[in-house]
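In the UniProt record's numbering, the protein residues as written are 1 to 97.
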């Protein structure tokens, strides 16, 4: 719950995301966040995950099957947040600028 609160605060106060809400996931025993980067953006699922906690492939598949883009947020014990976009399969990287 602490990890979810830290990510919620980062999304709302620092990154200015909109429509941030929480969704309980009893199957995974986690709290997920759903949010939009801006008003015109699609809803994304954000998974706040403490760094000491692991996830199985099945758990990741369950989250990807929800149909929303998935953003994993690793939460360190010093409150450092690292975001990683998760996709269903391989994605071609964007060319360098």
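We put the beta carbon where it would ideally sit given N, CA and C, even for glycine. Owing to the predicted nature of the structure, the values given are computational and were not obtained by experimental measurement.
Assuming the contact rule is C-beta atoms closer than 8 Å, residue 32 and residue 12 should be a hit. Round their C-beta distance to whole Å, please. About 15 Å separates the two Cβ atoms, so there is no contact after all.
Do three or more CB pairs link the stretch 53–61 to the stretch 76–85 at distances below 8 Å? no
To the nearest angstrom, report how far apart residue 97 and residue 26 are at their CA atoms. 42 Å
Quick check on residue 80: does DSSP put it in helix, strand or coil? coil
For residue 5, count neighbouring C-beta atoms within 10 Å of its own C-beta (all shown protein chains included) and say buried if the count is 16 or more, exposed if not. exposed
Just to confirm my understanding: we take residue 88, look at its own chain, exclude 5 residues before and 5 after, and list those with CB closer than 6 Å. What are they? 64
Do you know how far the Cα of residue 73 is from the Cα of residue 7? 8 Å
Along the chain, where does the beta strand (DSSP E) that runs through residue 32 open and close? 30–36
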